[in-house]
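Numbering (UniProt numbering), first residue to last: 1 to 452. Just below is one structure, and these are the notes that go with it.
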Amino acid sequence: MNYQPFHHKYRPQTLNDLIGQNAIATTLTNAITLSKIAPAYLFTGSRGTGKTSTGRILAKSLNCVKDNKPTVTPCGECNSCKSIANGSSLDVIELDAASNNSAEGIRDIVSSTQFAPIGRRYKIWIIDEAHALSSAATQVLLKTLEEPPINVIFILCTTDPSKLGDTIISRCQRFNFKRFNNDVIVNQLEAIAQSEDINISYEALLLIAKHSQGGMRDATCLLEQVSLLSDNVTPVEVHQLLGTISEDNLFELLNAIALSKTEPIIRIIKQLYADGKDPLVILQQLLEFYTNALITLENPKSPLNTLTSTTTQRIKELALNSNTVLNHQQHLRSCETQIKFSRLPRVMLEVAILGLLVQPTEVKIPLSSNGTKSSPKTTVNSELIWTQVINLQTPTIKALLNQQTKLIDYDGETATISTPNEIFRQKVEANRFPIKMGFQKVTGKMIDIAIN
Ligand SMILES: [Zn+2]
C-alpha cells in the first residue's frame, strides 16, 4: 500500500471517531438516525479542526450502501465509501472555492445537480474555503439554496463565515468547530505515536500541541516530521524543528536578565542567532513566558497554568514578582514592531533585552480612565489612584465603590479599603478581582487588596 501521511492515515472515519467535537457528532448522528438531513450545512472553525473530514464522514454516512439506508457507521469497504475516501466519487464532489470561485463554476455545479445522483442516494458538494467564492458565485449558490434540488446537499466549510453573508448563512444548518484543547491533541498524538512505534516524551507532545494552537492537522504533521528527525524525540528536537528556543536556552537568557549581566545576554543572543533562531520568535517566546510566569505567580492552580512542575520550579528560582513581570512584558511588547521591521533584528533584540535591565519599578499611570495615555508619574496621590480605579469599573461596581467604600491606606503594595458593614464588605469582596485589575491598569503593579 502506498505511503499515507499521518494526517490522512489517522483522520476520523465515522462520527464516533470525531474526538473533541462531541456536540457536532451527536447532532449529526441524530440527524442521520432520524432521517432529518438538511439541504445545506455550514461548517465553521479555524484550520485543522475537522470541518472537511466531517463533511466526508457525513457524505459516507449518507451514501454507504452497506445498508439500504444512511448509517452512522459507514463500512469504509463498499464502492461508495472507497470512492469518497479516494476522491473519485461522482456523487460526492469536493471543491476548493479559493481556486474555483467563479459564477460559471458554480453554475456548472447547479446544472449538474439537476441530474439524479449516480448511486441513487445523495449528490453532495463539499465546498472548502467557501468564503472565497466571488459575489456572483455566491448569488448563484444562494438562488440554488432558496429552492434546493431534491437529494442534493451542500456542505460549506469556512474559516471566515463573516465573508459569506447572512443570506447564505441563514439557509444553512451551522456547526462551529472548536479548537482542540491541548489534552485532546496530546492524547491523539500519543495514540498515533504508539501505533507508529515512535519514542516521544510527554513534554515533546505537549510542546507540539501548544504550538499547533488547537489544530489537529498541524499537530499530526509536526509529529510526523519530528519522528523523522530522531528515534528518541524530546522537546529539544521539537524546538529544532519549529525554530524556537529550548527551555534551557530560554532560562539561560532569563537568568542573565535576572542577574542584570550584559555580557552573557549578548553572548546568548548571538549564539541563538547563529543557530538560526529568529529574533522575533525569541521575543515572542519571552512574551509568552512572562504571561505564563504571571499566571504561575498569581495562581499556580489555575486551569490556565499548563506548565510542568519543573518549569514552575525554575520560574520560582528566578525570584520574579508580578510587578517586574508586567514591566518586562510591557517593555518587550513595545519593541516587537521595531524588531519585526528592522534590517538588523538581532541588534534590536539585544537593545530590547538590555532595556529590561533599566526598567523602572516605580508607580506609573499607563492609562487614564478614558483610555488615553497619560504621562508616567513617579509619585502619585493615593486618592487620584482610587478615583481612576473606580472609573475603570462597570457601572454597578463603580456605584458600590463610590457610595460604600473608602480607600483608607495605600503603600504601593497593599490597598486597604473600608466598608460600612459586613454586607458591603462581602459585596466588595465578590469584586476583588476587577478592583485588583483596576489597580494593575492604573499603577502598572499587581498589588494586594485588604477589605475591612
Ligand atoms: Zn460503505
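Where a beta carbon is used, it is the ideal one built from N, C-alpha and C, also for glycine.
Taking non-hydrogen atoms of ligand 1 into account, the C-beta of residue 147 is found less than 7 Å away from none of them.
Taking a cut-off of 8 Å for Cβ pairs, the region 139-155 and the region 12-23 do not touch, as fewer than three such pairs fall below it.
Three or more beta-carbon pairs separated by less than 8 Å link the region 136-151 to the region 88-107, which places the two stretches in contact. Secondary structure at residue 110: helix, using DSSP grouped into helix, strand and coil. The region 278-297 makes contact with the region 309-326, as at least three CB pairs between them are under 8 Å. Our two residues, residue 133 and residue 266, have alpha carbons roughly 50 Å apart in a direct line.
Non-local beta-carbon contacts of residue 198 in its own chain, meaning distances under 6 Å to residues more than five positions away in sequence, involve 227 in chain order.
Here residue 244 really is in contact with residue 281; their C-beta atoms are around 6 Å apart, less than 8 Å. Taken from the Cβ of residue 66, at least one heavy atom of ligand 1 lies inside 7 Å. In this structure, residue 260 sits near residue 357, with a CB-CB distance shorter than 8 Å. DSSP places residue 158 in the uninterrupted beta strand (DSSP E) bounded by 152-158. DSSP links residue 24 through a beta bridge to no other residue.
Within 7 Å of the C-beta of residue 80 there is at least one heavy atom belonging to ligand 1. If only uninterrupted beta strand (DSSP E) runs of at least 3 residues are considered, those enclosed by the region 12-82 are 40-44. Look at the region 205-279 and you find no whole run of beta strand (DSSP E) that is 3 residues long or longer. Two segments are said to touch when three or more pairs of C-beta atoms, one from each, lie closer than 8 Å; by this definition the region 69-83 does not touch the region 205-214. Taking the C-beta atoms as reference points, residue 223 is found nearer than 8 Å to residue 192. If you draw a straight line from the Cα of residue 97 to the Cα of residue 123, it comes to about 18 Å.
Residue 90 has its alpha-carbon roughly 21 Å from the corresponding atom of residue 103. Per DSSP, residue 197 lies in no beta strand (DSSP E) segment and is marked neither H nor E. Contact check for residue 249 and residue 286: beta-carbon distance about 11 Å, past the 8 Å limit, so the pair fails to qualify. Annotated three-state conformation of residue 4 is coil, per DSSP. Under the three-state reduction of DSSP output, residue 175 falls in the strand class. DSSP, reduced to helix, strand and coil, places residue 89 outside both helices and strands of the structure shown, so it counts as coil. Segment contact: the region 23-37 against the region 156-167, fewer than three CB-CB distances shorter than 8 Å; contact not assigned. DSSP places residue 384 in the helix class (H, G or I) of the three-state scheme. It is roughly 41 Å from the alpha-carbon of residue 424 to the alpha-carbon of residue 311.
Between the alpha carbons of residue 388 and residue 401 lies a gap of roughly 12 Å. Remark: C-beta atoms of residue 410 and residue 220 do not approach each other more closely than 8 Å. In the structure shown, the three-state DSSP call for residue 354 is helix.
In terms of side-chain proximity, the C-beta atom of residue 74 is found nearer than 7 Å to a non-hydrogen atom of ligand 1. Between residue 48 and residue 218, the CB-CB gap stays under 8 Å. For residue 123, there is no enclosing alpha helix (DSSP H); the residue is part of the beta strand (DSSP E) that begins and ends at 123-128. As the crow flies, the alpha-carbon of residue 442 is around 37 Å from that of residue 215. Per the DSSP secondary-structure output, residue 449 pairs in a beta bridge with 415. Scanning the region 308-334 for uninterrupted beta strand (DSSP E) segments of 3 residues or longer gives nothing; none is fully contained.
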